[in-house]
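According to numbering that gives the first Met the number 0, the sequence shown is numbered sequentially starting from 0. Think of the CB as a built atom: it goes at the ideal place given N, C-alpha and C, for glycine as much as any other residue. Everything numeric in this text was worked out from a predicted model, so none of it was measured. Taking it in order: structure first as structure tokens, then the write-up.
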Amino acid sequence: MDISEAIKTRHSVRAYTDRKIEGEVLQKLKGCIAQCNEQSGLNIQLVTDEPKAFDCLMARYGKFAGVRNYIALVGKKDENLFEKCGYYGEKIVLFAQTLGLNTCWVGATFSKVKNAYTLEKGEKLALVIAIGYGKTQGVARKSKKLEEVTEDVQNLPRWFVNGVECALLAPTALNQQKFKFSFNGKRVFARAGRGVFVKTDLGIAKFHFETGVGDEKFIWS
0 MDISEAIKTR HSVRAYTDRK IEGEVLQKLK GCIAQCNEQS GLNIQLVTDE
50 PKAFDCLMAR YGKFAGVRNY IALVGKKDEN LFEKCGYYGE KIVLFAQTLG
100 LNTCWVGATF SKVKNAYTLE KGEKLALVIA IGYGKTQGVA RKSKKLEEVT
150 EDVQNLPRWF VNGVECALLA PTALNQQKFK FSFNGKRVFA RAGRGVFVKT
200 DLGIAKFHFE TGVGDEKFIW S
């Protein structure tokens with residue numbers, strides 16, 4: 000399975016088995032996280048065998064069960080933190096899918112556990128991603144149509160359509176998909192609307208867009 004296939008098959012999963020993440024899968028996952036940290040300057044950390052974060056009322060309200068592993072999305076406090084976490088977090092999520100793992104983005108329905116992860120000076124925990132072997136593979140969710148997130152759909156180049164259609168498969172908070180894409184020549188504009196975690200959602204959508212575009216050259220503006 001490659002990343003493009005992972006985009007089509009990956010769905011949010013909230014209930015997990017007690018199977019541990021170990022061996023080659025664990026090493027490959029850690030390698031992907033290390034690569035993302037090197038590229039982004041983030042301090043993303045994998046937390047394993049730690050059940051306390053999802054043993055709380057909020058997590059039960061969110062219908063989480065059996066979560067013992069999660070990815071802590073940590074980085075320097077700045078205006079780009081949440082978008083960057085979305086972009087690189089989704090890169091990890093989709094790589095995890097190729098390894099046979101399941102995931103779920105989590106913005107609020109978890110508890111922060113002291114010493115489970117490290118915060119350097121000036122850093123904050125933006126959000127987490129539950130990860131492990133799911134009891135199911137999740138279910139597909141309803142998606143917006145192309146014309147709801149871009150304009151002049153009759154005259155769009157194929158590469159741009161491919162990118163936006165891939166972005167529409169991206170997970171977003173409350174399935175809100177509050178983003179818009181447009182272009183001018185080879186310049187692509189991606190904008191977030193108003194709502195919860197919209198900057199994170201924008202980062203996720205931009206990674207999907209790039210994947211859908213493939214080898215076509217363009218510039219983010």
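Residues near residue i by beta carbon distance below 6 Å, same chain, minus five either side
i: residue 9; result: 96
i: residue 162; result: 208, 211, 212
i: residue 182; result: 159
i: residue 80; result: 74, 125
i: residue 169; result: 203, 204, 207
i: residue 0; result: 97
i: residue 195; result: 172
i: residue 53; result: 63, 66, 109
i: residue 89; result: 203, 206
Endpoints, beta strand (DSSP E) assigned at residue i
i: residue 178; result: 178 to 183
i: residue 93; result: Here residue 93 belongs to no beta strand (DSSP E); instead the alpha helix (DSSP H) covers 80 to 97.
i: residue 122; result: 122 to 131
i: residue 102; result: 101 to 105
Helix, strand or coil at residue i according to DSSP, with G and I counted as helix
i: residue 20; result: coil
i: residue 218; result: strand
i: residue 212; result: helix
i: residue 75; result: strand
i: residue 201; result: helix
i: residue 2; result: helix
i: residue 112; result: coil
i: residue 139; result: coil
i: residue 32; result: helix
i: residue 63; result: coil
i: residue 45; result: strand
i: residue 187; result: strand
CA-to-CA distance, residue j to residue i, given in whole angstroms
i: residue 157; j: residue 28; result: 33 Å
i: residue 77; j: residue 14; result: 33 Å
i: residue 55; j: residue 152; result: 46 Å
i: residue 72; j: residue 11; result: 17 Å
i: residue 155; j: residue 189; result: 15 Å
i: residue 217; j: residue 68; result: 37 Å
i: residue 51; j: residue 144; result: 39 Å
i: residue 249; j: residue 114; result: Coverage of the chain is limited to positions 0 through 220, which leaves residue 249 absent and any answer about it impossible.
i: residue 133; j: residue 122; result: 30 Å
i: residue 42; j: residue 36; result: 6 Å
i: residue 165; j: residue 141; result: 14 Å
i: residue 149; j: residue 32; result: 32 Å
i: residue 3; j: residue 92; result: 12 Å
i: residue 48; j: residue 191; result: 35 Å
i: residue 193; j: residue 175; result: 10 Å
Cβ shell of residue i (< 8 Å), same chain only, five flanking positions each side left out
i: residue 86; result: 39, 202, 203, 205, 206
i: residue 116; result: 44, 46, 71, 73, 124
i: residue 187; result: 159, 162, 180, 181, 208, 217, 218, 219, 220
The alpha helix (DSSP H) enclosing residue i, as first and last residue numbers
i: residue 155; result: Where residue 155 is concerned, there is no enclosing alpha helix (DSSP H), given that its DSSP letter is neither H nor E.
i: residue 59; result: 56 to 60
i: residue 148; result: 145 to 148
i: residue 169; result: Segment: none, residue 169 is in no alpha helix (DSSP H) and carries neither H nor E.
contact_flag[the region 98 to 113, the region 124 to 138] where n(CB pairs < 8 Å) is 3 or more: yes
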